[in-house]
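Just so we're aligned, residue 1 is where the sequence shown starts under UniProt numbering, counting upward by one.
A virtual CB, placed ideally from N, CA and C, is assigned to each residue, including glycine.
Report on the structure given below.
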Amino acid sequence: MLNFVNSFIDSFQIGPEKVQIAAITYSDLVHKEFYFNEFTGKAPLKERISAIKQKLGGTETALAIDFMRTKVFKHANGMRDDVPHIVIVITDGVSREPKDTKQAAKKAKAEGLMVYAVGVGLKINKNELEAIASDPSFVFEVDNFDALNEIKEVLAIKVCVKACGERRPADIVFLVDSYKSGDSYTKKSLDFVGNLSKQFEIGQDKIRVGLVQQCLIGGFPLSQGKSTIRKENSSSHFRFCFS
């Protein structure tokens, strides 16, 4: 997954006036990996993504979505008012509390967040994915993490065209389920996110990405980083969110 995430990021121009990314990972708890204002260049952003470690535990998707809505999408963490706010949730299973997950997603969408849901493997529940996503067309399903790259371009294009237009900036958050997955799942999930990001222009005034993991430890905010990302580094273990 980590390689996917890094590859995804390569699709964008990263920067304060371009695409900004934030990420969180989650299992029993939510872990903030980094906020929108922590990186302004691709190279350091991708290095940070590659350094994400696996978190063990359950699948508390509801907590992750609430954390993303109440903590990640904040001005103090680099959120911008004049850009689309996009969330990409990646999971390989059913959430621990489906009703809470549905309610959390409802609140996020009511606040204007555009939510995409990516289900990986045979244990996912399509009805739950559709409840999480802003629209049925925002739901993606793949058989395994190796197949994430098959949808990265479609997802990247859909995100850009649907929410941002060709050049509009946006804040994107990836929520990645760390439970029952192991290092292999984590790495492949992040690979997916990375590959998908390749379709966007990342930057402070363009598309920014953030990541959250279910643990509430460490991580980095959207508005802190200020460097450049390259296509090289893309591996390791983690799960996350963009914003």
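Look at K42 here: in three-state DSSP terms it is helix.
Contact fails between the region 118 to 138 and the region 23 to 35, because fewer than three Cβ pairs, one in each stretch, are under 8 Å apart. Contiguous alpha helix (DSSP H) elements confined to the region 86 to 137 occur at 98 to 110 and 126 to 132, taking only those with 4 or more residues. Beta bridge pairing from DSSP links Q20 with R208. V87 and V173 do touch by the CB rule: their CB atoms are close to 5 Å apart, below 8 Å. Take the alpha-carbon of I9 and the one of A108: they are about 23 Å apart. Measuring C-alpha to C-alpha distances from K55 to each of T70, L29 and V209 identifies L29 as the nearest.
Between the C-alpha atoms of A110 and K102 there is a straight-line separation of about 12 Å. Between A22 and R208, the beta carbon gap of about 7 Å places them in contact (Cβ cut-off 8 Å). With fewer than 16 other beta carbons inside 10 angstroms of its own, N144 counts as exposed.
About 4 Å separates the CB atoms of F12 and V19; that is less than 8 Å, so the two are in contact. Judged by DSSP in its simplified three-state form, N77 adopts helix.
It is roughly 25 Å from the alpha-carbon of K152 to the alpha-carbon of G78. Look at S11 here: in three-state DSSP terms it is coil, with no helix or strand label. Rounded to whole angstroms, the gap between the alpha carbons of A156 and A64 is 22 Å. Leaving aside the five residues that flank E17 on each side, the residues in its chain whose CB is nearer than 7 Å to its CB run, in chain order, P169, G203, Q204, D205 and K206. DSSP places V139 within a strand segment (E or B) once states are collapsed to three.
For A170, DSSP records a beta bridge to V19 and I207.
In the three-state reduction of the DSSP assignment, L2 falls in the helix class, which pools H, G and I. Separation of V94 and V154 (C-alpha to C-alpha, rounded to the nearest whole angstrom) is 24 Å.
The C-alpha of E38 lies about 21 Å from the C-alpha of D66. In the structure shown, L155 adopts helical secondary structure according to DSSP, grouped into three states. Between E130 and S137, the alpha-carbon positions lie close to 9 Å from each other. In this structure, the CA atom of R96 is about 7 Å from the CA atom of T61.
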